[in-house]
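Chains as they are written, first to last, in the numbering used here: chain B, 1 to 385; chain E, 1001 to 1385; chain A, 2001 to 2385; chain U, 3001 to 3385. C-beta: ideal position from N, C-alpha, C; glycine also. Everything numeric in this text was worked out from a predicted model, so none of it was measured.
Protein chains: 4
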Amino acid sequence: MNATTAVVDAVPSPVRLKAVAGPGQPEPTPALEQLYRAFESEMLVPLWTEIGGLMPSHPRSQAAAHLWRWSRLKDLAAEAGRIVPVGRGGERRAIALANPALGGRPYATPTLWAAIQYLMPGEDAPEHRHSQHAFRFVVEGEGVWTVVNGDAVRMSRGDFLPQAGWNMHAHHNAATEPMAWIDGLDIPFAYYTESQFFEHGRNAIDQAERGTPERSVSERLWGHPGLRPLSQPDAPQATPLLAYRWADTDRALGDQLALEEEGHAAGQGATLSPGHAAVRYTNPATGRDVLPTIRAEMHRVRAGARTRSTREVGSSVWQVFDGEGSVQVGERQWAVSRGDLFVVPSWQPLRLQAAAGTQSLDLFRFCDAPIFEALHQHRVQVDPD
Amino acid sequence: MNATTAVVDAVPSPVRLKAVAGPGQPEPTPALEQLYRAFESEMLVPLWTEIGGLMPSHPRSQAAAHLWRWSRLKDLAAEAGRIVPVGRGGERRAIALANPALGGRPYATPTLWAAIQYLMPGEDAPEHRHSQHAFRFVVEGEGVWTVVNGDAVRMSRGDFLPQAGWNMHAHHNAATEPMAWIDGLDIPFAYYTESQFFEHGRNAIDQAERGTPERSVSERLWGHPGLRPLSQPDAPQATPLLAYRWADTDRALGDQLALEEEGHAAGQGATLSPGHAAVRYTNPATGRDVLPTIRAEMHRVRAGARTRSTREVGSSVWQVFDGEGSVQVGERQWAVSRGDLFVVPSWQPLRLQAAAGTQSLDLFRFCDAPIFEALHQHRVQVDPD
Amino acid sequence: MNATTAVVDAVPSPVRLKAVAGPGQPEPTPALEQLYRAFESEMLVPLWTEIGGLMPSHPRSQAAAHLWRWSRLKDLAAEAGRIVPVGRGGERRAIALANPALGGRPYATPTLWAAIQYLMPGEDAPEHRHSQHAFRFVVEGEGVWTVVNGDAVRMSRGDFLPQAGWNMHAHHNAATEPMAWIDGLDIPFAYYTESQFFEHGRNAIDQAERGTPERSVSERLWGHPGLRPLSQPDAPQATPLLAYRWADTDRALGDQLALEEEGHAAGQGATLSPGHAAVRYTNPATGRDVLPTIRAEMHRVRAGARTRSTREVGSSVWQVFDGEGSVQVGERQWAVSRGDLFVVPSWQPLRLQAAAGTQSLDLFRFCDAPIFEALHQHRVQVDPD
Amino acid sequence: MNATTAVVDAVPSPVRLKAVAGPGQPEPTPALEQLYRAFESEMLVPLWTEIGGLMPSHPRSQAAAHLWRWSRLKDLAAEAGRIVPVGRGGERRAIALANPALGGRPYATPTLWAAIQYLMPGEDAPEHRHSQHAFRFVVEGEGVWTVVNGDAVRMSRGDFLPQAGWNMHAHHNAATEPMAWIDGLDIPFAYYTESQFFEHGRNAIDQAERGTPERSVSERLWGHPGLRPLSQPDAPQATPLLAYRWADTDRALGDQLALEEEGHAAGQGATLSPGHAAVRYTNPATGRDVLPTIRAEMHRVRAGARTRSTREVGSSVWQVFDGEGSVQVGERQWAVSRGDLFVVPSWQPLRLQAAAGTQSLDLFRFCDAPIFEALHQHRVQVDPD
């Protein structure tokens, strides 16, 4: 952690062991105490005292279910916009969700980073690249272009913009209003597994790259359904498509609910459960997740409907994109509306409920499931109703 | 963590931020202080104060290079054998290496668990299964059989015995002497990513399973080079072969050095570098690593030779199997001999040197590289000589 | 082959060998003649007499480059529409291209079937399924729906409609005009490798399936760029998307040529070669070819441009979709226009040239490359200009 | 085909069609006859006359089940050894099985080549390489080394020696006796799909390569069970192991039958069916088939036992390695003993029966199943007893 902060990190400390009576524990005797002292001096810890915590019968997350209100985030980001400059060193005006049970670290969940980023009119965020995978999601607003290896990508409401690791990227706000959006990254996972690299790029991008095209080069090459440009190299590990537009996502979700309503034989099973439509953003070159470590999806719950209570290995961050409803995560429950963000810790049951009326509840979600799928450790369990 | 220990864990705490002047940092003003107070109350942390620590230019491990002496480990394990019983609850008489820079937790590295396990004559370790992947490696001794889903697998000096997640297993010592060996698991990784499951099996295995066969069923089915039993199901995610015998490993390493010496055209490149032979234990059904999260290898350095200085994403644990020599990890250097264990943190350079004379230096190694390869984050760098 | 035709097939015959002098051949002696007689009676053939033909230095196709004119095909199909009924037994009013060098068999190339299919107003083609993979491509016309497992799929000019093996399908013409289109299948490959299965379905599809929706269920689920419906099962071996619409294909090709013209850094390499745009139809669940044995693509050559001369392992069938130009295949050359079909045998060089003027030359292509890629036998060679 | 032989090939011929009454066929009228004449002149063939033959309900092989006696093959090969030299041009003294139903072509099945090769004492077969995949199997004898890219590989009774495409190879007989063995290749498949390449190498290999090592370099690097040499490049498409020795194969088969006899819980299912043991030769770098187009296996049927009647997509060639018994392929049945070869056409049921007594029946098998598995077209059906 950086010395400029007072975020509390675990101070390295010697092993300390205490002999305590209990099931599965050896008798606390002077000999045992002496053995434990020797363990301490040799940097050793027995399994038998730790197994209950270390190897539980199912995941018991250290993280807490928690909700952040969008209005409050936006206000604070706007204030940061006034007093915190953007530039080399700090790199981005991004403010991260800190899970209250993770020691004050800027981790939404043990593996995932989620932040609100804010760019003032005319501002640039300097170019850099990092091995951490990232994306942006726009819950409202427009006017910023993210420039990835020289390709300027428009950011507008409802768009999902993946940013695979080790690509140079900068942002610039070409509009007259500030713009806020959500960043998601695997920073905590990369930090914990100690696998990250970072490099600065140019301090300012070229004038030629400051264009504001409606569609990026990546979309013109890769954004046509089921069509692959023959000129492009073979299956990349992360998506070559840099923008997934809201118009497409909206239509896909609408089609699923319409198919369900029509009740046609071939449309049965179009939704995940009655009233619950969902799409996953995928790499068009592989059909797999957009990023090796991050899954991203958009969900729509029909007005008045609720989803099945489901638990899953790994953690998720959700943001309400539109509509109103309520969310239950384990023991916690919140009423939610546009922009609100909440986290679902590993193996905690989640249920979504859309408010009655006419408007569906739309939610963006990202999670770390690709990690567990790649390692054959993924599990999902739908609770009986 | 279990309440019976005093191992210090990070206590959940609120965010605490301090405005400090510095490159890339906003001016410490009252307004900034006020903003930081608001961040704290909303559970928010800015990127600009954290980026230096969170996103370094290359991995800077929290773990320390460290060495544990085998003689000391064995003595303490023997003492534990005298006063700590083995049974349900504590499950195993295993004593874990605690990296001195990881807060006293029983983690050899951020992702890997390494322990010495000890079983007295006639003792049983009760049956259980867990999603964590495991293996045993025997640096000396014999007499214990590990029983995996009813298949009794002999453990002898030099043998490598993988134990893929979610298979029931127990151990029993059929000899008249105690036996010690090394356990390796991905417990810290599973704990951190909150992806683990655990179940008890039977308290005592059947008499029929207490046999002491020379070869396990798994070896009789899968232990023939390049031959696959047609009766067995398709490519499992983790190896169906439960024992890799020293005689095979020894011969494979010897063949590489002999090919190098013979200097035949077809044998050029038989070794990793002059005098450095190495084999990886692989799943015969896939040719890939034995376990989804753990790589295991045996290395042999010819007497007097030294390896290239190499750094790699991810962490390793090494155990000297035979011979004498020295080891350099970053700034640290140790003379080593049979049984000594040391850890190599992520991206720290490692160099091995065999003592002059006639005996080669043999080392067993395990590491977390399969995680990074699966996620396309693996990097290796050989330093110029 | 069916007894109702006089298509000549190779009659099984005994081996007949003749001793002939020549390089690499044994001396023709009475002893050799006697040996060859013995080979004949034992059903044996030596390699040394056959190797020149059987194992050439590169593929020398038995097939011929050949062109079929669309106007002639359509006239004959229309005449068949008048006098040949469609129904169970004959199954389809399809008329196949017979490569002139393949013995009168209905094979466009050694591995590929290409036919014109014709359906009169109000007609149905009965339901069946087969393990052979198929597709339809519409060079002109509209009005037919193909019904795949109950999902009615509109067929219109420029659409590509894959039909993976073993799915039930029927067609019905809901319009007042006849309609013609092109069928492509791997019938010769399946016939030669003796790997095919076939089953009849219902003689008539339900009234409910006779709808004429603008978009099929498959498109509503899978036709959104980069978006995967969570309700659908995991990565199928062949595409779940049953229609690739011309509007998308046209735009993708136009984008590539526009990027080339704009000359932006990020757009360099948008085309295969100057003036030559191309897309491949892919399975959105995998990013790979739509069918395990058949690749399908659309190419656009800018007015006045010509492509590089290229040879490839395996054979292709091309159909001009729009525009005018000329085509060179090995020694053969033809002027081509809308609807004309031609075949390119294995390893014969192909070059396309668009007529000067303003209109580009658009061509649909299908080939057997996925077979060779799956077996690691694919090679492509671009000849020097 | 080569001009030096009289093997009859299908002469290219024009389409000839005849209107014949029948189910699913149009009324034979003058108009139909006129249409068929037009089809003929335009190189067109209708589906409706061909569908019965081209698209059967299940594979109906053109090939015949057939048996070749080893004693007869060996005698003829020996005679060829006396009068047919080995050298550049003819390349190999190999004599191929010609399936009696495949027009006298040197094809054991539609896709597979099987030949007896014969080398006199002191003889060399010149170096070449080809994209066709090959192997050798030795039913008896010893003394020849095959030299693959300079690596000399001993050939002895019971050994399986794969030879992946595009590797230079030569053979030399270092013994004082002639030696015969079996070659298997995918020549017919490569010929039919027109995907083959061929190059000559040196006319004579170096003296240094004429060694007669007990173990090849490939075995010393890759022949250790479950161990991968770290010095070697990543997963090749075809096996880097050039010899699978009989001692290993024999032990693997014996272990399966012994496990079955012991009846231990963990050994249940060690055999394919009671008394039927089998192993597949696999690429140790991938666990998959040794060659992309050819599967090879060894089967052992316990004395007195018989296998289940099984049919499979694709064709097989079998050779009796040892023992006596009988074989039923569809309607055909033969008594068999050492060295006898027989072919099983696609989808014909096969059943093996070992003679009563004490000796098991051992059979080597190779087939084209990897082609169908790669293309997702493989099917196996075990008939009810």
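I'd like to know whether the C-beta of residue i is nearer than 8 Å to at least one C-beta of chain D.
i, result
"E/G1323", "The chain labelled as chain D is not found among the protein chains of the depicted structure, namely B, E, A and U."
Does DSSP put residue i in a helix, in a strand, or in coil?
i, result
"A/S2218", "helix"
"A/P2229", "strand"
"B/A94", "strand"
"E/Q1237", "coil"
"A/Q2381", "strand"
"E/A1115", "strand"
"B/R308", "coil"
"U/E3209", "helix"
"E/P1345", "coil"
"U/R3365", "strand"
Measure the CB-CB distance between residue i and residue j and report whether it falls below 8 Å.
i, j, result
"B/R72", "E/E1042", "yes"
"A/P2059", "U/I3083", "no"
"B/V329", "B/A96", "no"
"B/A303", "B/T358", "yes"
"E/L1035", "B/E91", "no"
"E/L1067", "E/F1342", "yes"
"U/I3222", "U/P3240", "The sequence shown places Trp at residue 3222 of chain U, not Ile. Cβ distance < 8 Å, so U/W3222 and U/P3240 count as in contact."
"A/A2170", "A/P2126", "yes"
Spell out whether any CB of chain E is found under 8 Å from the CB atom of residue i.
i, result
"U/V3279", "yes"
"B/T239", "no"
Could you check whether the Cβ of residue i sits closer than 8 Å to any Cβ belonging to chain A?
i, result
"B/D383", "no"
"U/G3314", "yes"
"U/T3111", "yes"
What are the start and end residues of the alpha helix (DSSP H) that includes residue i?
i, result
"A/S2041", "P2030 to S2041"
"E/D1075", "W1070 to I1083"
"B/L54", "I51 to L54"
Between residue i and chain U, is there a C-beta pair that is closer than 8 Å?
i, result
"A/I2187", "yes"
"E/E1142", "no"
"A/D2376", "Checking the sequence, you will find His at residue 2376 of chain A rather than Asp. Taking Cβ atoms only, chain U reaches closer than 8 Å to A/H2376, which makes this a yes."
"A/V2045", "yes"
Mind checking which residues open and close the beta strand (DSSP E) that includes residue i?
i, result
"B/E373", "No beta strand (DSSP E) holds B/E373; the alpha helix (DSSP H) holding it covers A369 to A374."
"B/A258", "Here B/A258 belongs to no beta strand (DSSP E); instead the alpha helix (DSSP H) covers W246 to E262."
"E/F1197", "Unbroken run through E/F1197: none, as it is neither H nor E."
"B/Q162", "Per the sequence presented here, residue 162 of chain B reads as Pro, with Gln not at that position. It spans F160 to Q163 - the beta strand (DSSP E) in which B/P162 sits, taken as one unbroken run."
"B/I187", "That residue, B/I187, is in no beta strand (DSSP E); its alpha helix (DSSP H) goes I187 to T193."
"U/S3326", "G3325 to V3329"
"B/V153", "D151 to S156"
"B/Y281", "H276 to Y281"
"A/S2316", "S2316 to D2322"
Is the shortest distance between the beta-carbon of residue i and the beta-carbons of chain B less than 8 Å?
i, result
"A/L2221", "yes"
"E/T1293", "yes"
"A/P2030", "no"
Which residue's Cα is closest to the Cα of residue i: the options?
i, options, result
"A/I2371", "A/V2327, A/P2292, A/L2361 and A/L2352", "A/P2292"
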